[in-house]
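Student: Chains as they are written, first to last, in the numbering used here: chain C, 297 to 488; chain D, 47 to 361. Just so you know, even glycine gets a beta-carbon here, dropped at the ideal spot from N, CA and C. Structure provided below as structure tokens; questions to follow.
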Amino acid sequence: MVKIYIIDNGGQWTHREWRTLREIGVETKIIPNTASFDEIVKEDVDGLVLSGGAPRVGLESKLGNCAEYLKKAGFPVLGICAGHQFMAQFFGGEARPSKIPEFGKIELTLLKENDVLFKGVPKRSIVWESHNDEVTKLPEGFELLAESENCKIQAMKHKNRPFYGLQFHPEVEHTEFGEHIFRNFVKFCTKK
Amino acid sequence: MFDADKFIEKTIPKLQEEIKGKALIAFSGGVDSTVCTALVNKAIDERLVAVHVDTGYMRKDESKNVKKMMEKMGLNFRFIDASKEYYKALKGVEDPEKKRKIIGEKFIRVFEKAAEKENVKYLVQGTIAPDWIESGDSLRDTIKSHHNVGGLPKHMKLKLVEPLRDLYKDEVRKVARKLRLPVSERQPFPGPGLAIRIIGEATPERTKIVREACDIVEKEIENAVEKGLMEKPWQYFAVLLPVKSVGVHGDKRVYGNVISVRAVQSVDAMTCAYSKIPHEVIDRISTRITNTLKEEINRVVYDITNKPPSTVEWE
Chain C
297 MVKIYIIDNG
307 GQWTHREWRT
317 LREIGVETKI
327 IPNTASFDEI
337 VKEDVDGLVL
347 SGGAPRVGLE
357 SKLGNCAEYL
367 KKAGFPVLGI
377 CAGHQFMAQF
387 FGGEARPSKI
397 PEFGKIELTL
407 LKENDVLFKG
417 VPKRSIVWES
427 HNDEVTKLPE
437 GFELLAESEN
447 CKIQAMKHKN
457 RPFYGLQFHP
467 EVEHTEFGEH
477 IFRNFVKFCT
487 KK
Chain D
47 MFDADKFIEK
57 TIPKLQEEIK
67 GKALIAFSGG
77 VDSTVCTALV
87 NKAIDERLVA
97 VHVDTGYMRK
107 DESKNVKKMM
117 EKMGLNFRFI
127 DASKEYYKAL
137 KGVEDPEKKR
147 KIIGEKFIRV
157 FEKAAEKENV
167 KYLVQGTIAP
177 DWIESGDSLR
187 DTIKSHHNVG
197 GLPKHMKLKL
207 VEPLRDLYKD
217 EVRKVARKLR
227 LPVSERQPFP
237 GPGLAIRIIG
247 EATPERTKIV
257 REACDIVEKE
267 IENAVEKGLM
277 EKPWQYFAVL
287 LPVKSVGVHG
297 DKRVYGNVIS
307 VRAVQSVDAM
317 TCAYSKIPHE
327 VIDRISTRIT
337 NTLKEEINRV
347 VYDITNKPPS
357 TVEWE
């Protein structure tokens, strides 16, 4: 069984991520973001999800021990919302308060179809958002995968390491292809 | 996939191990507390005492119906009318978080009193995932203090037992269907009841208004669903706003309150989209509310916000 743990950055939907993974049949657990990398590696995980959370990555620069995970992880990591913003910042990009924040329903446009994470997702689909900050500068070594009308960096991936970042929330029921994206991530973790 | 059979199978022995002696359950008659009651009842049988508290903020005929249900389920139950106490405690209170906390604390005090009489040490609650997620903790912001989590007083004599903590409503419904409970499809109703559907002070008079309006919304929507005019919303109700507006009744000026109708689609309450109610249905709701409550209400609006950015209830 694939084992993917969720790092809890204090999001309203952290437990939803756990539920989605559990539904897919993944072995999963919610871990506080104060856990050390060694504690996580000891459990032999196949992948990590960095949840969203109330901390304003655009205003603060720390998110628990997420920096350590991103520095050391050789397995796939999926950053969501605050987790995504932190990932961008960690690799030299920028996260700032959004000019036009997005809450609730928006349309996502894929810039690159058939990427591993978005395989089978149509070019345009409905996703659910909830963010005050966003990634304003893509870090070097990353590829842009999706945008929306008011937020240009909705999805990104590291070119050499197995890391993905999403501004929107694939874990909530109202995101049209949310579970599908998670299934793709689980496959990605399985292949490794 | 969530497996209700497995959940039931695993939960009952866990409860038998956890609960030594008698336990009291907070029984509102909603899906969560009814499922909880059925499970604990299976686990410890007559050692369970179900307590229903009429807070005075219940929907029309609710407490009466709950009483009937408790009898039908063959429960060892107590029915406590604490409405006067609740009205007194909420007198002059306008802040939504204060309302929730006062109501949460009052529940516990009422249960403690009942527990003392019965010599009970455990309090079983039908807390589900969104309750503790939204109530906040050291990592999470408080969106609203659910009465059964964030509304709990710091010092409690009773030990909490919460077998549904990791479940969402749709999963609780699956368990309810497995247990053949008649409440499996009931819409959610918040613990603080109508008190949080009255923006501003929740006086007994204003409670009467919103109770009537909620009843009209429920009946009209259920009627429309039955006729196949619309999909059944996740939750549907009325909110009394502290706003007045000008109207005209039989050539005379009136100056009355505003009711907002709310109906949303959801699976787990963590995200919601407002329901696309057909105009003919919303039209009937509006006319019935303003005619039935003509002394108090002369304007009805429909809430068209999703969650996020809003939440389902207004407070």
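Between N122 of chain D and chain C, is any beta-carbon pair separated by less than 7 Å?
Tutor: What you label residue 122 of chain D is simply residue 76 of the second sequence in a count that begins at 1. No, N122 of chain D does not count as interfacial toward chain C.
Student: List, in chain order, every chain C residue whose beta-carbon is nearer than 7 Å to that of A175 of chain D.
Tutor: Here residue 175 of chain D corresponds to residue number 129 of the second sequence, with the count starting at 1. Neighbours of A175 of chain D on chain C, chain order: H311.
Student: When you compare only the Cα positions, how much space is there between E131 of chain D and D100 of chain D?
Tutor: Position 85 of the second sequence, counted from the start, is the residue given in the question as residue 131 of chain D. Position 54 of the second sequence, counted from the start, is the residue given in the question as residue 100 of chain D. Near 10 Å, if we compare the C-alpha coordinates of D100 of chain D and E131 of chain D.
Student: Residues of chain C with a CB under 8 Å from the CB of V97 of chain D: which are they?
Tutor: Along the second sequence, read from residue 1 onward, the residue named residue 97 of chain D stands at position 51. Those within 8 Å of V97 of chain D in chain C number zero; the least Cβ separation is about 29 Å.
Student: Let me see if you follow: with CB-CB separation under 7 Å, is H470 of chain C close to chain D or not?
Tutor: Along the first sequence, one-based indexing puts residue 470 of chain C at 174. Output row for H470 of chain C: interface = yes.
Student: Does the CB of R186 of chain D have a neighbour CB from chain C at under 7 Å?
Tutor: The sequence position of residue 186 of chain D within the second sequence is 140, counting from 1. Interface residue, yes.
Student: Classify N242 of chain C: buried if its beta carbon has 16 or more other beta carbons within 10 angstroms, exposed otherwise.
Tutor: Residue 242 of chain C cannot be examined here, being either before or after the span of chain C that is shown, 297 to 488.
Student: Could you please give me the residues that DSSP links to M119 of chain D through a beta bridge?
Tutor: On the second sequence, position 73 is the one that residue 119 of chain D refers to. Paired residue(s): none; M119 of chain D is not in a bridge.
Student: What number of angstroms, rounded off, separates the C-alpha of K224 of chain D from the C-alpha of D51 of chain D?
Tutor: Taking the second sequence and counting its residues from 1, the one referred to as residue 224 of chain D is at position 178. Taking the second sequence and counting its residues from 1, the one referred to as residue 51 of chain D is at position 5. Computed Cα separation, rounded: 7 Å.
Student: Determine the DSSP secondary structure at C260 of chain D, reduced to helix, strand or coil.
Tutor: Reading the second sequence from its first residue, position 214 is the one you call residue 260 of chain D. C260 of chain D: helix per DSSP, three-state reduction.
Student: Which partner residues of G293 of chain D appear in the DSSP bridge assignment?
Tutor: Position 247 of the second sequence, counted from the first residue, corresponds to residue 293 of chain D. Its beta-bridge partners are D:V300.
Student: Do V195 of chain D and D177 of chain D have their beta-carbon atoms positioned less than 7 Å apart in this structure?
Tutor: As a first step, residue 177 of chain D must be located in the second sequence, where it is residue number 131. As a first step, residue 195 of chain D must be located in the second sequence, where it is residue number 149. Cβ atoms of D177 of chain D and V195 of chain D: closer than 7 Å.
Student: Judging by CA-CA distance, which residue of D:V327, D:C260, D:D349 is the nearest neighbour of G274 of chain D?
Tutor: In the second sequence, the residue the question calls residue 274 of chain D occupies position 228. Among D:V327, D:C260, D:D349, the Cα nearest to that of G274 of chain D belongs to D:V327.
Student: How about the region 62-80 of chain D and the region 214-228 of chain D: do they share at least three Cβ pairs that are nearer than 8 Å?
Tutor: At 8 Å Cβ cutoff, the stretches touch.
Student: Do I402 of chain C and E425 of chain C count as a contact pair if the criterion is CB distance below 7 Å?
Tutor: Start at 1 with the first residue of the first sequence, and residue 425 of chain C comes out as number 129. Start at 1 with the first residue of the first sequence, and residue 402 of chain C comes out as number 106. In contact: E425 of chain C and I402 of chain C (Cβ atoms closer than 7 Å).
Student: Name, going along the chain, the residues of the region 61-86 of chain D whose beta-carbon falls closer than 9 Å to a beta-carbon of chain C.
Tutor: Listed by position, the residues of the region 61-86 of chain D near chain C (Cβ gap below 9 Å) amount to none.
Student: I think T330 of chain C touches N305 of chain C, with their Cβ atoms under 8 Å apart; what is that distance to the nearest whole Å?
Tutor: Locating residue 330 of chain C in the first sequence gives position 34, counting from the first residue. Locating residue 305 of chain C in the first sequence gives position 9, counting from the first residue. Their Cβ separation, rounded to whole angstroms, is 11 Å, which puts T330 of chain C and N305 of chain C out of contact at 8 Å.
Student: Going by beta-carbon coordinates alone, are L287 of chain D and V256 of chain D separated by less than 7 Å?
Tutor: Indexing the second sequence from 1 puts residue 287 of chain D at position 241. Indexing the second sequence from 1 puts residue 256 of chain D at position 210. No, Cβ-Cβ distance for L287 of chain D and V256 of chain D is not below 7 Å.
Student: Restricting to runs no shorter than 3 residues, where is the beta strand (DSSP E) found entirely within the region 164-210 of chain D?
Tutor: Fully enclosed beta strand (DSSP E) runs of 3 or longer: 168-170, 205-207.
Student: Could you tell me whether any Cβ in chain C is nearer than 7 Å to the Cβ of T57 of chain D?
Tutor: Translated into the one-based positions of the second sequence, residue 57 of chain D becomes position 11. No, no contact with chain C.
Student: Report the neighbours of A350 of chain C on chain D: residues whose CB is nearer than 8 Å to its CB, in chain order.
Tutor: Locating residue 350 of chain C in the first sequence gives position 54, counting from the first residue. Here the neighbours are R186, D187.
Student: So F459 of chain C and V353 of chain C are in contact, right, with Cβ under 8 Å, and what is the actual spacing, rounded?
Tutor: Walking along the first sequence from the start, residue 459 of chain C turns up at place 163. Walking along the first sequence from the start, residue 353 of chain C turns up at place 57. At roughly 16 Å, the Cβ-Cβ gap does not stay under 8 Å, so F459 of chain C and V353 of chain C are not in contact.
Student: Report back the beta-carbon spacing between G461 of chain C and A451 of chain C to the nearest angstrom; my notes put them in contact at under 8 Å.
Tutor: Counted from its first residue, the first sequence places residue 461 of chain C at position 165. Counted from its first residue, the first sequence places residue 451 of chain C at position 155. Correct: roughly 7 Å between the Cβ atoms.
Student: Can you round the beta-carbon distance between V412 of chain C and F473 of chain C to whole angstroms, since I take them to be within the 8 Å contact cut?
Tutor: In the first sequence, residue 412 of chain C corresponds to position 116, counting from 1. In the first sequence, residue 473 of chain C corresponds to position 177, counting from 1. Going by Cβ atoms, the distance from V412 of chain C to F473 of chain C rounds to 14 Å, so no, they are not a contact pair.
Student: Please say whether T405 of chain C and R392 of chain C have beta carbons closer to each other than 7 Å?
Tutor: Stepping through the first sequence from its first residue, residue 392 of chain C is reached at position 96. Stepping through the first sequence from its first residue, residue 405 of chain C is reached at position 109. No, these two residues do not count as a Cβ contact at 7 Å.
Student: Pick out the complete alpha helix (DSSP H) segments inside the region 212-251 of chain D, 4 residues or longer, and give them in chain order.
Tutor: As far as the region 212-251 of chain D is concerned, its whole alpha helix (DSSP H) runs of at least 4 residues are 215-224.
Student: Look at R334 of chain D and I267 of chain D and say whether their C-beta atoms are less than 7 Å apart.
Tutor: Taking the first residue of the second sequence as 1, we reach residue 334 of chain D at position 288. Taking the first residue of the second sequence as 1, we reach residue 267 of chain D at position 221. Taking 7 Å as the Cβ cut-off, R334 of chain D and I267 of chain D do not qualify as a contacting pair.
Student: From the DSSP output, in three-state form, read off P355 of chain D for me.
Tutor: Counted from its first residue, the second sequence places residue 355 of chain D at position 309. Here P355 of chain D sits in coil by DSSP.
Student: For V139 of chain D and K145 of chain D, I'd like the C-alpha separation in whole angstroms.
Tutor: Numbered from 1 along the second sequence, position 93 holds the residue referred to as residue 139 of chain D. Numbered from 1 along the second sequence, position 99 holds the residue referred to as residue 145 of chain D. About 7 Å.
Student: Measuring only the C-alpha atoms, how far is E364 of chain C from T471 of chain C?
Tutor: For this step, residue 364 of chain C is matched to residue 68 along the first sequence. For this step, residue 471 of chain C is matched to residue 175 along the first sequence. Near 30 Å, if we compare the C-alpha coordinates of T471 of chain C and E364 of chain C.
Student: Hey, out of D:Y103, D:M104, D:A69, D:R105, whose CA is closest to K88 of chain D's CA?
Tutor: Within the second sequence, the letter at position 42 stands for residue 88 of chain D. Out of D:Y103, D:M104, D:A69, D:R105, D:A69 has the C-alpha closest to the C-alpha of K88 of chain D.
Student: For the region 405-465 of chain C, which segments carrying the beta strand (DSSP E) assignment without a break, of at least 3 residues, lie completely within its bounds, in sequence order?
Tutor: Complete beta strand (DSSP E) runs here, min 3: 420-433, 438-443, 451-454, 459-462.
Student: Are the C-beta atoms of N303 of chain D and some chain C residue less than 7 Å apart?
Tutor: As a working mapping, residue 303 of chain D is identified with position 257 in the second sequence. With 7 Å as the cut-off, N303 of chain D does not count as an interface residue toward chain C.
Student: Using only CA atoms, which one of C:Q463, C:G370, C:F481 lies nearest to V337 of chain C?
Tutor: Walking along the first sequence from the start, residue 337 of chain C turns up at place 41. Nearest of C:Q463, C:G370, C:F481 to V337 of chain C, Cα basis: C:G370.
Student: Would you list, in chain order, the members of the region 383-416 of chain C that have their beta-carbon closer than 7 Å to a beta-carbon of chain D?
Tutor: Residues F399, G400, K401.
Student: Quick check: S347 of chain C and I300 of chain C, are their CB atoms within less than 7 Å of each other?
Tutor: Mapped onto the first sequence, residue 347 of chain C falls at position 51. Mapped onto the first sequence, residue 300 of chain C falls at position 4. Not closer than 7 Å, so no.
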